[in-house]
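Letter by letter, the sequence shown follows residues 47 to 207 of the working numbering.
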Amino acid sequence: MSFLNLQSVLASQTIQKRTPQKGKRLLEWKPTSSPSSHSSNAVWEGVGSSDLTISNTSDKGDHGLGKFQHLDGEMVMVDSQVYQFRSNGSVSQKGDEDIIAFSQAVFFKPNSHLQFDSLNRRVVLDYLDTSHPGSHNLFRAVKIEGMFLNIKLHVAPKQQH
């Protein structure tokens, strides 16, 4: 059995989908310089170091994603446990004092519980597309519990600046 729990989370900044024109990108993002702008702007603008620690995110949620200092791997938070996935394939559990460049976290309180006899990517994507029409520019927290042979995650190498 696999379980799919879903919670929709409103993002403070969205990426607008555009009609592609020849030689143009499909997604468009415009950085802002406002001090109140979303912290992911820093990542988009190439800022990869900060003085934020994992402990700064603990009051923001128990599930989340982010990047470590110098963009050294992906941060994945599940049930308040933080893991670092690096481009060399290694995974390690991290502590409260480890430095991060960016994170997005949510207290996971699912508003839907679904059970499937078998679960595949297409089933999940179809459910997400049809269950919340008109919400394609919103972040959603999704928790899938099950046994997996592997999990594939794209991780960019550490920033060298």
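The beta carbon of each residue, even a glycine, is placed where N, CA and C say it ideally should be.
Keep in mind the model is a prediction, meaning the values are calculated, not measured.
First and last residue of the beta strand (DSSP E) that includes residue i?
| i | result |
| --- | --- |
| LEU111 | 109 to 114 |
| LYS140 | 137 to 140 |
| VAL128 | 127 to 131 |
| VAL124 | 120 to 124 |
Only counting the same chain, and skipping five residues up and downstream in sequence, which positions put a Cβ closer than 8 Å to that of residue i?
| i | result |
| --- | --- |
| ILE146 | SER96, LEU98, THR99, ILE100, ASN102, THR103, GLY112, LYS113, PHE114, GLN115, MET121 |
What does a CB cutoff of less than 7 Å around residue i pick up in its chain, not counting 5 residues either side in sequence?
| i | result |
| --- | --- |
| PHE154 | GLN53, ASP108, HIS109, ALA187, LYS189 |
Residue i: which of the options sits nearest, CA to CA?
| i | options | result |
| --- | --- | --- |
| ASP105 | ASP118, GLY119, MET123 | MET123 |
| GLU191 | SER133, GLY141, LEU117, SER164 | SER164 |
| PRO203 | PHE194, SER133, SER126, PRO179 | SER133 |
| ASP125 | LEU171, VAL152, VAL169, HIS178 | VAL152 |
Please check the pair residue i and residue j, which I expect to be a contact at CB under 8 Å, by giving their CB distance rounded to whole angstroms.
| i | j | result |
| --- | --- | --- |
| PHE148 | VAL201 | PHE148 to VAL201, Cβ: 14 Å. No contact. |
Within a Cβ cutoff of 6 Å, which residues of the same chain sit near residue i, ignoring the five residues on either side of it in sequence?
| i | result |
| --- | --- |
| GLN150 | GLY110, LEU111 |
Notebook entry, point to check: What runs of the beta strand (DSSP E), each 3 residues or longer, lie entirely inside the segment 143 to 195?
Noted result: 145 to 152, 158 to 162, 185 to 191
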